[in-house]
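Visitor: If you scroll down you'll find the structure; I have some questions about it.
Numbering (UniProt numbering), first residue to last: 1 to 436.
Have a look at this one:
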């Protein structure tokens, strides 16, 4: 098999993508709580009658205003209830994919009866934290997820502790695929994309299939803010040009519309986010179609996009005040530039211009308006590519952009890791005040 011919660094790249690019049904923050509830319910013999849940402020922020697929309802309580009553704990981010109409009805009834409580975990030092405690008669089970949307670290029942994750995460991180990726460079990623056997990366075409289907659904239906379908209508009215730039904007927006509006189709996520997966995928697909790329070229471009997005996002907190659609779009810029030009300098210039353009866009929680930010990021990516193709970019003389792209990325990520933490607190405070 081809695996034996691939060097260890390239194998780490492939594993990093396989870890971080996964199907996900529904916004991943409420889905994380749904998974905790489903895993807890799986520990009980009887039907769940009541749920208490606790989440980190960032998870609360991203779960307050987003539609849970198949329910027509927003928020964490319905996610927890449906996870407990109809979720598949073994399905990870697709925990709700087989939830029946009866499970949805039962979940809504549980909410109406006031039997679901979702609270802030205080104090909480974890960016991503979700805990669900479910009750059936005198029995109970509790599951805690920390650090990653599917990372179960603790399972306990009324009979005692069932599972606890070994506390060796820091040592494992150094040798994990993501740990290896974080110590490489965009040049090494590009060398991999150019030379890796096609069969080793063919799997990434699933991202095009899933996110392409979401885009089509977004254009057909009236999901979320229906930005994609609205802009398509404006093309028909002659108010928007029917060109490649508009196609990128419309098709990417439409996928996010469907995603955030509660369509029961999975997205291929990136770094734990469906919108990041959409942003890293759809613009590249559109440009690939425009240039007549075959499956192999599309796969290489998608691999560059997704791997670059992961490389950048791994330098950020899992959730932060920085809208990560912007960093995913930096990956898309790399993929689109590769399809047209293929040179490292063009890719680096495009990413630098992105950092000089959309840096600082805030994340104010997952909601239908995420599609606005996805569309803005995708448009900025294409603009940056067009500039780079003309050998033009934001330079190290301007703002936070440095004279090399690696330092520019580090500068951007340092904002989210440090100074934007206070911004995050203010955003959560504003959103919490609206909920009362």
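Heads up, the beta-carbon is just placed ideally off N, CA and C, and yes, glycines get one too.
To test your reading of the DSSP string, which unbroken beta strand (DSSP E) runs of 3 or more residues are found completely within the stretch 136-170?
Guide: Counting whole runs of 3 or more residues, the stretch 136-170 contains the beta strand (DSSP E) stretches 139-146, 152-157, 160-164.
Visitor: Residue 51 lies in the beta strand (DSSP E); which residues open and close that run?
Guide: First-last of the beta strand (DSSP E) with residue 51: 50-55.
Visitor: Residue 118 by DSSP, collapsed to three states: which one?
Guide: Correct three-state label for residue 118: strand.
Visitor: Tell me, to the nearest whole angstrom, how far the beta carbon of residue 103 is from that of residue 82; I am working on the premise that it is less than 8 Å.
Guide: Confirmed, Cβ separation roughly 6 Å.
Visitor: If you follow the alpha helix (DSSP H) that residue 78 is in, where does it begin and where does it stop?
Guide: Element bounds for residue 78: 76-86.
Visitor: Could you check what DSSP says for residue 131 in three-state terms: helix, strand or coil?
Guide: Three-state result, residue 131: strand.
Visitor: For a test of your reading of the model: does the CB of residue 78 fall under 6 Å from any non-hydrogen atom of the ligand PLP? Yes or no.
Guide: The ligand content of the structure shown is nil, which means the ligand PLP is not present either.
Visitor: Below 6 Å CB to CB, which residues in the same chain sit around residue 269 once its five sequence neighbours on both sides are set aside?
Guide: Within the same chain, residue 269 has close Cβ partners 22, 24, 277.
Visitor: Using DSSP with H/G/I as helix, E/B as strand and the rest coil, what is residue 430?
Guide: Helix at residue 430.
Visitor: Alpha carbon to alpha carbon, what distance is there between residue 392 and residue 141?
Guide: Residue 141 and residue 392: Cα-Cα distance of roughly 58 Å.
Visitor: Going by beta-carbon coordinates alone, are residue 201 and residue 231 separated by less than 7 Å?
Guide: No; because the gap between Cβ atoms is not below 7 Å, this pair is not in contact.
Visitor: Residue 186 and residue 406 look like a contact to me (Cβ under 8 Å); what is the Cβ gap, rounded to whole Å?
Guide: Rounded, the Cβ-Cβ distance is 7 Å, consistent with contact.
Visitor: For residue 145 versus residue 309, is the C-beta distance shorter than 7 Å?
Guide: Not in contact: residue 145 and residue 309 (Cβ atoms no closer than 7 Å).
Visitor: Counting C-beta neighbours from all protein chains within 10 Å, is the total for residue 222 16 or more, i.e. buried, or is it exposed?
Guide: Exposed: under 16 other Cβ atoms inside 10 Å.
Visitor: According to DSSP, is residue 11 part of a helix, a strand, or is it coil?
Guide: Note: residue 11 maps to helix in three-state DSSP.
Visitor: Considering Cα atoms alone, identify which of 85, 20, 147 is closest to residue 45.
Guide: Of 85, 20, 147, the residue nearest in Cα terms is 85.
Visitor: Looking at C-beta atoms only, is the number of pairs between the stretch 61-71 and the stretch 362-371 that lie closer than 8 Å three or more?
Guide: With a cut-off of 8 Å, the stretch 362-371 and the stretch 61-71 count as touching, because enough Cβ pairs lie within range.
Visitor: If you drop the 5 nearest sequence neighbours on each side, which residues of the same chain put their C-beta closer than 6 Å to that of residue 304?
Guide: 193, 334, 335, 338.
Visitor: Quick one: Cα of residue 119 to Cα of residue 432, how far?
Guide: Approximately 12 Å between the Cα atoms of the pair.
Visitor: Judging by CA-CA distance, which residue of 307, 409, 163, 39 is the nearest neighbour of residue 178?
Guide: Minimum Cα distance to residue 178 is reached at 307.
Visitor: Return the Cβ separation of residue 410 and residue 315 in integer angstroms, given the expectation that the two are a contact with Cβ distance under 8 Å.
Guide: Contact flag correct, Cβ pair sits at about 7 Å.
Visitor: In chain order, which continuous runs of the beta strand (DSSP E) of length 3 or greater are located wholly inside the stretch 185-244?
Guide: Those beta strand (DSSP E) runs which fall completely within the stretch 185-244 and span 3+ residues do not exist here.
Visitor: Could you pull out every residue in the same chain whose Cβ sits closer than 8 Å to the Cβ of residue 170, ignoring the five residues on either side in sequence?
Guide: Interpretation of residue 170 is limited by its pLDDT of 49, a score under 50 that renders its predicted location unreliable; the figure taken from the coordinates is listed afterwards. Closer than 8 Å at the Cβ level, and outside the excluded window around residue 170, lies no residue.
Visitor: Output needed for residue 402: all residues of its chain with C-beta closer than 7 Å, excluding positions within five of it in sequence on either side, in chain order.
Guide: Around residue 402: 396, 408, 411.
Visitor: When the Cβ atoms of the stretch 326-333 are set against those of the stretch 26-36, are three or more pairs found closer than 8 Å?
Guide: The stretch 326-333, when compared against the stretch 26-36, does not touch it at the 8 Å Cβ threshold.
Visitor: Alpha carbon to alpha carbon, how far is residue 293 from residue 79? Give it in angstroms, no decimals.
Guide: The straight-line gap from Cα to Cα measures roughly 40 Å.
Visitor: Excluding the 5 residues preceding and the 5 following residue 165 in the sequence, name in chain order all residues of the same chain whose CB lies nearer than 8 Å to its CB.
Guide: Excluding residues within five positions, the ones whose Cβ falls inside 8 Å are 151, 152, 153, 154.
Visitor: In whole angstroms, what separates the C-alpha of residue 348 from that of residue 285?
Guide: Roughly 20 Å between the two C-alpha positions.
Visitor: List the DSSP bridge partners of residue 376.
Guide: Paired residue(s): none; residue 376 is not in a bridge.
Visitor: Would residue 128 and residue 297 qualify as a contact pair, given that the criterion is a beta-carbon distance under 7 Å?
Guide: Against a cut-off of 7 Å, the Cβ pair of residue 297 and residue 128 comes out as no contact.
Visitor: Between residue 190 and residue 344, how many whole angstroms is the CB-CB distance? I'm expecting something under 8 Å.
Guide: Indeed they touch by this definition, with Cβ atoms about 5 Å apart.
Visitor: From which residue to which residue does the alpha helix (DSSP H) around residue 32 run?
Guide: Its alpha helix (DSSP H) spans residues 28-41.
Visitor: So, using beta-carbon positions, are residue 241 and residue 132 closer together than 7 Å?
Guide: No, the pair does not count as a contact, with Cβ atoms beyond the cut-off.
Visitor: Counting only the same chain and skipping the five closest in sequence on each side, list residues whose C-beta sits under 6 Å from that of residue 384.
Guide: The residues are 333, 350, 353, 354.
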